[in-house]
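Visitor: If you scroll down you'll find the structure; I have some questions about it.
There are 2 protein chains.
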Amino acid sequence: MDETFGERLRARLLDAGPLCVGVDPSREVVRAWEREDTVEGLEYVALTTLEATVGEAAVIKCQVAFFERFASRGFRVLERVISEAHAAGLIVIADAKRGDVGSTNEGYAQAWLEDESPLCVDAVTLSPFLGVGALAPIFQRADATNRGLFVLVATSNPEGRTLQSARSAQHERVESMVFREVAERNADRDTLGNFGVVLGATRERPDFDLRALRGPFLVPGVGAQGANPTDVARLFEGCVEGSVTINVARAILAAGPEPRAVRDALRRWRDELRDVL
Amino acid sequence: MDETFGERLRARLLDAGPLCVGVDPSREVVRAWEREDTVEGLEYVALTTLEATVGEAAVIKCQVAFFERFASRGFRVLERVISEAHAAGLIVIADAKRGDVGSTNEGYAQAWLEDESPLCVDAVTLSPFLGVGALAPIFQRADATNRGLFVLVATSNPEGRTLQSARSAQHERVESMVFREVAERNADRDTLGNFGVVLGATRERPDFDLRALRGPFLVPGVGAQGANPTDVARLFEGCVEGSVTINVARAILAAGPEPRAVRDALRRWRDELRDVL
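Listed below in structure tokens is the structure:
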């Protein structure tokens, strides 16, 4: 790919709006769609959600945990979803929240960001508990292949607050530190860098200036988790247009199993989010 | 399984010594073993390491990233390693460092701790960036199936220090908080609980009393990463006998590709670690 991930994402979001459709085939969703919770049920939910997205939104986010629960056969389904989504021109984010020491992160970079891998996506989510510095092999691979990543900064769930707002010996909050370390790696980008962060929509405006990222934001927490589009608009006021993608999963999947109903729910969210951001 | 993970692990460590053999088939190791870095090369390194372990040590730890780099086909190999290791009576830890919000963690619990899953192991490693509370579905599944988990507390790499030693609003360090939250969940255990922590051997003795865990310790950082067995012995002085398992990967794998040389290296580490702990 010639264009960088940041450029590609921005162009698509400006065109199609900020909605990122969550492909979250949990046991509960598969059963609510009146399927048995087997690998075939998983595949049905995932591909139906994908089909509903094509032509309506620019980005999907696959929650890897729900594929992983069927081990290698679940990963086969994920490979198919990624391949069909790419064939349909969608941008694909793997929500894997991977992260380890540097030498091990080389393995994750090969899995999610190397051309030859059947799991190769446009961007992968990362967890920074072992330090943003330890993630260096994944940053390097993303830049080398014009792909991207999203590092967890402040998540949408309440249980993460105490840790994410703890302060370092330099009195910097963990979330501010992770944000700064990601932003520094975007510093030489003119437009939108390849290195993004995950920032939950349910939280207050943070200490740091979101505009300093110069990279994309992946925003969970809208819909089922309690935030509304106006909260998101307020949180990201002043950020680069086309830099925010908002994940909606449960509120769309709850409309199933009828494909038409899923698509209708998806269109309502697309329109609602486009109006505010 | 009738026995709990903690009981099972302790009995085996008291019998065979603390060595946990790391099954880490990275690209570098596969190539150093004079194989092409294909799924067949991966399988050769993983199964050869497994065979060298049988009869010599009680525990293996599979680094999931190195299997994941071959997507579904790599997971097929991991399923085979898990299955053959269990057939040989080994305790298997999946080093996956998974962690997400609660509803998603249910998916990871199904993948790694549910009887029917081909990836079902004795224990899985978890990353607490979204809060120990968010990991509740995995704790519950571990207890219900007599399996275990190891939560990252203080890792062996330098890049994680600033985050892990940050202080919460209650002036508690992140590592102390995670340790305390895991220890609380072991509180009703008479002997060794099912809930362990990952504590790097390269670090100083922490603020908290390691004996308060009443659960197992998984200890990386010995050998290639710079800590020696005496460091480990000092760090865990006074802890329950049979509660510490020490991972050695690179220093053993570096002896390959000759299976006999791998086994010899493994035996040297087994003897050295048994003498100090």
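So the protein lines, in turn, are chains A and B. For the first sequence, this note's numbering assigns the number 94 to the initial residue and increments by one for each residue that follows. For the second sequence, this note's numbering assigns the number 94 to the initial residue and increments by one for each residue that follows. Glycine included, every Cβ here is placed at the ideal spot set by N, Cα and C. Predicted, not measured: the structure shown is a model, and the values here were computed from it.
1. Relative to chain B, which residues along the stretch 157-169 of chain A have a C-beta separation below 9 Å, given in chain order?
2. For A:V157 and A:L171, what's the separation of their Cα atoms in angstroms?
3. From the DSSP output, in three-state form, read off A:A150 for me.
4. How many angstroms separate the CA atom of A:D324 from the CA atom of A:A294?
5. Quick one: give me the first and last residue of the beta strand (DSSP E) that B:T338 is part of.
6. Comparing C-alpha positions only, which one of B:D368, B:P352 and B:E365 sits nearest to B:V138?
7. Please work out which residues of its chain come closer than 6 Å, Cβ to Cβ, to B:A227, disregarding the five sequence neighbours upstream and downstream, and give them in chain order.
8. Can you have a look at B:N340 and say buried or exposed, based on whether 16 or more other CB atoms are within 10 angstroms of its CB?
9. Specify, as a first and last residue, the run of the alpha helix (DSSP H) that B:V170 falls within.
10. Can you look up A:D364 in the DSSP assignment and give me helix, strand or coil?
11. To the nearest angstrom, how far is it from the Cα of A:V290 to the Cα of A:V244?
12. Name, please, each residue of chain A whose Cβ falls closer than 7 Å to the Cβ of B:L223.
13. Skipping 5 residues on each side, what residues in its chain have a beta carbon closer than 7 Å to that of A:G134?
14. How far does the alpha helix (DSSP H) with A:L159 in it extend, from its first residue to its last?
15. Taking C-beta to C-beta, are B:E177 and B:L143 nearer than 9 Å?
16. Determine the contact status of B:F272 and A:P221, defining contact as a CB-CB distance below 9 Å.
17. Could you check how far apart the C-beta atoms of B:S210 and B:L285 are, in whole angstroms? I think they sit under 8 Å.
18. Along the stretch 121-155 of chain B, what residues have a CB closer than 7 Å to any CB found in chain C?
19. Kindly give me the distance between the Cβ atoms of A:S269 and A:P299, rounded to whole angstroms, as I take these residues to be in contact under 8 Å.
20. So A:R278 is in the alpha helix (DSSP H); what residue range does that whole segment cover?
21. Considering just the uninterrupted stretch of the alpha helix (DSSP H) at A:F329, what are its terminal residues?
22. List, in chain order, every chain B residue whose beta-carbon is nearer than 7 Å to that of A:A227.
23. Can you pull the chain B residues whose beta carbon is under 7 Å from the beta carbon of A:T197, in chain order?
24. For A:I345 and A:V333, which I take to be in contact (beta-carbon distance under 8 Å), what is that distance rounded to the nearest angstrom?
25. Starting from the Cα of A:I153, find the closest Cα among A:H179, A:E136, A:G253 and A:R166 and give me that residue.
26. Just how far apart, CA to CA, sit A:G164 and B:F301?
27. Does any CB atom of chain A fall closer than 9 Å to the CB of B:G289?
28. Pick out whichever of B:L306, B:T131, B:A187 and B:T238 has its Cα sitting closest to the Cα of B:V246.
29. Report the rounded CA-to-CA distance for A:F359 versus A:E100, giving the unit in angstroms.
30. Does the CB of A:L292 have a neighbour CB from chain B at under 9 Å?
31. Give the secondary structure of B:V225 by DSSP, where H, G and I count as helix, E and B as strand, and everything else as coil.
32. Quick one: Cα of B:F168 to Cα of A:H264, how far?
33. Pick helix, strand or coil for B:F98, following the three-state DSSP scheme.
34. Could you check whether A:V132 and A:C155 sit closer than 9 Å to each other, using their CB atoms as the reference points?
35. Measure the alpha-carbon distance for A:N321 versus A:V312 and round it to whole angstroms.
36. Taking the alpha-carbon positions, what's the A:V225 to A:T141 distance?
Guide: On the basis of the supplied data:
1. V157, A158, F159, F160, E161, R162, F163, A164, S165, R166, G167, F168 and R169
2. For the purposes of this step, residue 157 of chain A is identified with residue 64 of the first sequence, where counting begins at 1. For the purposes of this step, residue 171 of chain A is identified with residue 78 of the first sequence, where counting begins at 1. Their Cα atoms are separated by approximately 8 Å.
3. To locate residue 150 of chain A, count along the first sequence from 1; it is residue 57. Note: A:A150 maps to coil in three-state DSSP.
4. To locate residue 324 of chain A, count along the first sequence from 1; it is residue 231. To locate residue 294 of chain A, count along the first sequence from 1; it is residue 201. If I take the Cα positions, the gap works out to 7 Å.
5. For this step, residue 338 of chain B is matched to residue 245 along the second sequence. Per DSSP, B:T338 belongs to the beta strand (DSSP E) from V337 to V341.
6. The count along the second sequence starts at 1 and reaches residue 138 of chain B at position 45. Measuring from the Cα of B:V138, the nearest candidate turns out to be B:P352.
7. Translated into positions along the second sequence, residue 227 of chain B becomes position 134. Excluding positions up to five away in sequence, the list reads V194 and G195.
8. If you number the second sequence from 1, residue 340 of chain B lands on position 247. It counts as buried.
9. Here residue 170 of chain B corresponds to residue number 77 of the second sequence, with the count starting at 1. Where B:V170 is concerned, the enclosing alpha helix (DSSP H) stretches over A164 to A180.
10. Numbered from its first residue, the first sequence carries residue 364 of chain A at position 271. A:D364: helix per DSSP, three-state reduction.
11. Counting from one through the first sequence, the residue named residue 290 of chain A turns up at place 197. Counting from one through the first sequence, the residue named residue 244 of chain A turns up at place 151. So the alpha carbons of these two residues sit roughly 5 Å apart.
12. As a position in the second sequence, residue 223 of chain B is number 130, starting the count at 1. Under the 7 Å cutoff, chain A gives T248, N250, E252 and G253.
13. As a working note, residue 134 of chain A is residue 41 in the first sequence. Cβ within range, chain order: V123 and R128.
14. For the purposes of this step, residue 159 of chain A is taken as residue 66 along the first sequence, with counting starting at 1. Reading off the sequence, residue 159 of chain A comes out as Phe, not Leu. Segment V157 to E161, the alpha helix (DSSP H) holding A:F159.
15. On the second sequence, residue 177 of chain B is found 84 positions in, with the first residue counted as 1. On the second sequence, residue 143 of chain B is found 50 positions in, with the first residue counted as 1. Their beta carbons are under 9 Å apart, which means B:E177 touches B:L143 by this criterion.
16. Against the second sequence, residue 272 of chain B aligns to sequence position 179. Against the first sequence, residue 221 of chain A aligns to sequence position 128. Not a contact, by the Cβ cut-off of 9 Å.
17. For the purposes of this step, residue 210 of chain B is taken as residue 117 along the second sequence, with counting starting at 1. For the purposes of this step, residue 285 of chain B is taken as residue 192 along the second sequence, with counting starting at 1. Between B:L285 and B:S210 the Cβ distance is about 25 Å, and since that is not below 8 Å, they are no contact.
18. Absent from the structure: chain C. Protein chains present are A and B.
19. In the first sequence, counting from the first residue as 1, residue 269 of chain A sits at position 176. In the first sequence, counting from the first residue as 1, residue 299 of chain A sits at position 206. Indeed they touch by this definition, with Cβ atoms about 7 Å apart.
20. For the purposes of this step, residue 278 of chain A is taken as the residue at position 185 of the first sequence. First-last of the alpha helix (DSSP H) with A:R278: V267 to R278.
21. Against the first sequence, residue 329 of chain A aligns to sequence position 236. Unbroken run through A:F329: none, as it is neither H nor E.
22. Taking the first sequence and counting its residues from 1, the one referred to as residue 227 of chain A is at position 134. Per Cβ cutoff of 7 Å: N250, E252 and G253.
23. Locating residue 197 of chain A in the first sequence gives position 104, where the first residue counts as 1. By Cβ distance, chain B contributes Q156 and A158.
24. Numbered from its first residue, the first sequence carries residue 345 of chain A at position 252. Numbered from its first residue, the first sequence carries residue 333 of chain A at position 240. The Cβ separation is near 26 Å, so there is no contact.
25. Translated into the one-based positions of the first sequence, residue 153 of chain A becomes position 60. Per the Cα distances, A:H179.
26. Along the first sequence, one-based indexing puts residue 164 of chain A at 71. Along the second sequence, one-based indexing puts residue 301 of chain B at 208. Correcting the residue identity first, residue 164 of chain A is Ala in this sequence and not Gly. Roughly 37 Å between the two C-alpha positions.
27. Within the second sequence, numbered from 1, the residue matching residue 289 of chain B stands at position 196. No, no contact with chain A.
28. The residue labelled residue 246 of chain B in the question sits at position 153 within the second sequence. Out of B:L306, B:T131, B:A187 and B:T238, B:L306 has the C-alpha closest to the C-alpha of B:V246.
29. Here residue 359 of chain A is taken as the residue at index 266 of the first sequence, counted from 1. Here residue 100 of chain A is taken as the residue at index 7 of the first sequence, counted from 1. Note on identity: in this sequence residue 359 of chain A is Leu, with Phe being the wrong assignment. Whole-angstrom Cα-Cα distance: 25 Å.
30. In the first sequence, the residue the question calls residue 292 of chain A occupies position 199. A:L292 does not count as touching chain B.
31. The residue you call residue 225 of chain B lines up with position 132 of the second sequence. Reduced to three states, the DSSP call for B:V225 is helix.
32. Walking along the second sequence from the start, residue 168 of chain B turns up at place 75. Walking along the first sequence from the start, residue 264 of chain A turns up at place 171. For B:F168 and A:H264, the distance between alpha carbons rounds to 42 Å.
33. As a first step, residue 98 of chain B must be located in the second sequence, where it is residue number 5. In this structure, B:F98 counts as helix in the three-state DSSP scheme.
34. Position 62 of the first sequence holds residue 155 of chain A. Position 39 of the first sequence holds residue 132 of chain A. Result no, Cβ atoms of A:C155 and A:V132 do not sit closer than 9 Å.
35. Indexing the first sequence from 1 puts residue 321 of chain A at position 228. Indexing the first sequence from 1 puts residue 312 of chain A at position 219. Straight-line Cα distance between these residues: approximately 12 Å.
36. If you number the first sequence from 1, residue 225 of chain A lands on position 132. If you number the first sequence from 1, residue 141 of chain A lands on position 48. Going by the C-alpha atoms only, they are around 36 Å apart.
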